[in-house]
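Have a look at the structure below before the remarks.
Residue numbers (the numbering used here), protein chains in the order written: chain A, 22 to 454; chain B, 99 to 433; chain C, -9 to 313.
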């Protein structure tokens, strides 16, 4: 974790000020060390400025066209795209430490941080706030504080964050050496495995798990790079690998519930490891991704790199939900509030890798392949689904499938039609004897 | 245990009766501690102190309850001399604000004789004094100056929050061989509560958990214990479990109890009726940071009076004093 | 009042010891061997010794910042005092008090006191103890003319008179409150006049004359012991050596000081009187002088050799620790 400043350089003895000409890198994008991040002009010469360290272009203080003195802070890079960063504090600190000194006529900044001693100086952004108790616990447990998300005021890491991190680590199930995935288990009974869709975590099945846990062992699996699951370095998170991961945590024949990309994982699981699958519930499944789905996932991944989780959630809302659902202000507000933290649990890198996996899998399985599947299947489809409109063809290809099309519902079926979906799953599970 | 309920004032009166019955060296002196009363069969009654706390004692112990002139320095100075030579005086300083008129006998005499004399003196003196705001007594009759006496090595300072502790702490104070400042906060003086019968002592330096909780520790003493309990009640309704620790004794200070509750909750809000600078709240906060740093999950918060004199107008006095609302607001700032 | 030869020998011995003690301290300070603030009693010996010669060991006195004389007169051991001034573990107060706080409760010495006037209510309290516990003891507060301007003086005298306590207030009027002549700050001619405000007996004694002080103290002490209440006894005296060791004395008339020192020295006066009355011979006094000198030299030597206090002592005696 750390922040790198980009300041107006002093390129010659006589240079006093410079003009920002261009920022060739978009805000939020990653730059490599040595990559051109800035073009300036001084004394009628343009100069390309390279990044002195790798990082994400986190904040731009000076827009193109502005003329500023040498040493003026122009932008900040952060190591991680989502680490806590306070642009104002960073600027204040930077100026206090590196200048430029205020012009003689200009009074010194009257902010306490600049005028008083270290006791009131704002914490350096490179040192994000950590409660002593959290620091002590992390030290005791040998944990890296940088890996722990802070939920306290100003992003402070508090003891509860460390405990949550530990609890999350304890829930990890190793699916291959060095790769632990977050597995949530609730309830008692026949096992039901929930596989979330693209960019989602198991919280998208909250209603179903809540309802089924009195009678079933509900197992929620967060795929690679989602939530507390490890995010191993890779270009592609393949659907096949996700299916193998799911197989690794099913030691007995299990009811599999998957939504969207999770349905693809479920199909792949059933094809590759049929002995682990007791039944299938495929919510808004597909075999070939639609062009619209490609466009949406592309935008999603990009937006996640550049915008807040709240912005991503509001972007997704119209794609995931039906006209009727969106017309309900209460439902819309509530979903937006709930979706943002879920979206925040899936970083941009995971979306890119998962998207690559989705693209690679699309079209790889034919309806004929599905014909071999013996497990009883329930197909749930939203009549207004904009993203996976070919769900019914999946149902048609499966020999033991029962398809339910829910009228007036969108792609986010498990949320939008939570009760209907739950009831359908419950009946389906009961029918598999 | 008893269901008997007494006010703090009555509990103090009872403790004085017991102390004087059990030890002939205990005397009571101060302004109006007898407070007039029948002389030579005159048909009048005594006042028993400005707030009536010592009423009845002069009848029971006519030779040992001494009305003094309004001479605080003389009262306390004389009491120190008497204590150093064999009596066990309980001197009444009517209001703690009057400390200004008699600080030397406490600061330079009572507190230091033993040390200066190489351990060859003892000063078993108790100074009872009414402290704190809440009666619209304004700037010179409402101060909580226990931070001054607490900061003087050689003195002990205690402050009860309820009648049972008042009785037990006062008996301990009188029987302690050191000079003890016993504060009687105005807003608890007439608070009623169960008081055990008979002779018992509440030891110094032992804080008491008056409400168990797990999310935040409210550290209070004297009048602020009730404030902290009210806040805890309302916080509980919002799902925050607050522990309330009543310090009872400011010197000696139960550091262990403070650090234990800090370790339990990770969050501390200190509620002090006194002004904020150089006070008990700051002192306890410093202890938490110094000795309990690795337990701190949130900043240490202080809820105190502001750095200003105690005002007269009710609305201003209410604003001056720590309230449950302010405690709740401080807790809200933690997360 | 009856003074037996032994009483006189002891009185002279005390007076001589005080004088030599203070002179020795002055030398030791100049030799750089003593630290802290020192206020010397030389010149006022007749007051402390005159009063204390009339007290019993269980009677209690309180003293002042200029307290060595009262300590010696009340019977505090000189070696312990000297060791205290050297800041040694063997000092009267284990090296924790120093010059202004020498005390010995076993000898009825309730402490020198660094706060002007603070001993007055302490003695008043000791008298309250004596009265309520019926011990028969008397308390004496020694203090200067300066202290008679303090509130503690007036509050105490009022209370003591009101309660008829067995206490004698001895004001040592040496003509200066620190560096300021008494008449600059005191509107009454005699401090003793102040007793009238409290319906209290008062006396004025020649503070340079042991016999006059003893005589008047004897009466006051007897009255106190008899339950007749307090007395304010003013002793007119003179400070031979300045307010503190190192006082350059610019404020004092040389002729005035010469007169007191040359013509009114209490030790010389004592010697004259005992010779006139045929009570003690000069030879006896010289023997005492020699004894005192040797004793003091031994006390200094012992103090210099004595161990320093252990650092552990820093935190003991702050409170009475009860098991």
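C-beta atoms are modelled at their ideal positions from N, C-alpha and C, and glycine is treated no differently.
Proximal residues of chain B, C-beta to C-beta of residue i below 8 angstroms
i: residue 410 of chain A; result: The premise fails here: residue 410 of chain A is roughly 45 angstroms from chain B at the closest Cβ pair, so nothing lies under 8 angstroms.
i: residue 155 of chain A; result: 395
i: residue 171 of chain C; result: Correct list: empty, because the minimum Cβ distance to chain B is about 26 angstroms.
Start-to-end residues for the beta strand (DSSP E) that takes in residue i
i: residue 187 of chain B; result: 186 to 193
i: residue 323 of chain C; result: The structure shown does not extend to residue 323 of chain C, since chain C is modelled only from -9 through 313, so no value can be given for it.
i: residue 81 of chain A; result: 76 to 81
i: residue 165 of chain B; result: 163 to 165
i: residue 103 of chain B; result: 103 to 105
i: residue 52 of chain C; result: 50 to 52
i: residue 45 of chain A; result: Per DSSP, residue 45 of chain A belongs to no beta strand (DSSP E) and is neither H nor E.
is_contact[residue i, chain B] using C-beta, thresh 8 angstroms
i: residue 152 of chain A; result: yes
i: residue 88 of chain A; result: no
i: residue 306 of chain C; result: yes
i: residue 82 of chain C; result: yes
i: residue 173 of chain A; result: yes
i: residue 71 of chain C; result: no
i: residue 142 of chain C; result: yes
i: residue 77 of chain C; result: no
Residue-level contact to chain A via CB, residue i, 8 angstroms cutoff
i: residue 405 of chain B; result: no
i: residue 352 of chain B; result: no
i: residue 315 of chain B; result: no
i: residue 364 of chain B; result: yes
i: residue 339 of chain B; result: no
i: residue 392 of chain B; result: yes
i: residue 433 of chain B; result: yes
DSSP state of residue i mapped onto helix, strand, coil
i: residue 306 of chain B; result: strand
i: residue 212 of chain A; result: strand
i: residue 388 of chain A; result: helix
i: residue 418 of chain B; result: helix
i: residue 100 of chain A; result: coil
i: residue 218 of chain A; result: coil
i: residue 2 of chain C; result: helix
i: residue 292 of chain B; result: strand
i: residue 224 of chain A; result: helix
i: residue 173 of chain A; result: coil
i: residue 31 of chain C; result: coil
i: residue 197 of chain C; result: coil
Start-to-end residues for the alpha helix (DSSP H) that takes in residue i
i: residue 58 of chain C; result: 58 to 63
i: residue 414 of chain A; result: 412 to 418
i: residue 143 of chain C; result: 141 to 153
i: residue 161 of chain A; result: 153 to 162
i: residue 358 of chain A; result: 350 to 365
i: residue 146 of chain B; result: Residue 146 of chain B -> no alpha helix (DSSP H), and no H or E assigned at all.
Test: residue i CB closer than 8 angstroms to a CB of chain C
i: residue 436 of chain B; result: Since the first and last residues shown for chain B are 99 and 433, residue 436 of chain B lies out of range.
i: residue 172 of chain B; result: yes
i: residue 107 of chain B; result: no
i: residue 111 of chain B; result: no
i: residue 246 of chain B; result: no
Within chain C, the residues that residue i reaches when beta carbons sit closer than 7 angstroms
i: residue 169 of chain B; result: 145, 148 and 149
i: residue 272 of chain B; result: Neighbours of residue 272 of chain B on chain C: none; closest Cβ ~13 angstroms, over 7 angstroms.
i: residue 213 of chain B; result: 86, 307 and 308
Closer than 7 angstroms: residue i CB and nearest the ligand FMN heavy atom
i: residue 327 of chain B; result: By its list of ligands, the structure shown contains no ligand whatsoever, and the ligand FMN lies outside what it can speak to.
| If you pair each beta-carbon of the stretch 11 to 29 of chain C with each one of the stretch 245 to 255 of chain C, do three or more pairs fall below 8 angstroms? | With the cut-off at 8 angstroms, the stretch 11 to 29 of chain C and the stretch 245 to 255 of chain C do not touch.
| query | Is it true that the stretch 233 to 242 of chain B meets the stretch 128 to 147 of chain C, where meeting means three or more beta-carbon pairs spaced less than 8 angstroms apart? | reply | no
| request: Flag this pair as touching only if the stretch 267 to 277 of chain B and the stretch 434 to 449 of chain A have three or more C-beta atom pairs under 8 angstroms; answer yes or no. | output: Below 8 angstroms, too few C-beta pairs join the stretch 267 to 277 of chain B and the stretch 434 to 449 of chain A to call them touching: fewer than three.
| query | What residues in the stretch 175 to 199 of chain A bring their beta carbon closer than 7 angstroms to a beta carbon of chain D? | reply | Of the chains in the structure shown, none is chain D; the protein chains are A, B and C.
| Any contact of the stretch 424 to 431 of chain B with the stretch 362 to 376 of chain B, i.e. 3+ C-beta pairs under 8 angstroms? | yes
| request: Taking 8 angstroms as the threshold, find out whether the stretch 296 to 307 of chain A comes into contact with the stretch 272 to 280 of chain A through three or more Cβ pairs. | output: yes
| With a cut-off of 8 angstroms, do at least 3 Cβ pairs link the stretch 251 to 258 of chain A to the stretch 223 to 237 of chain A? | Result no; under three Cβ-Cβ pairs closer than 8 angstroms.
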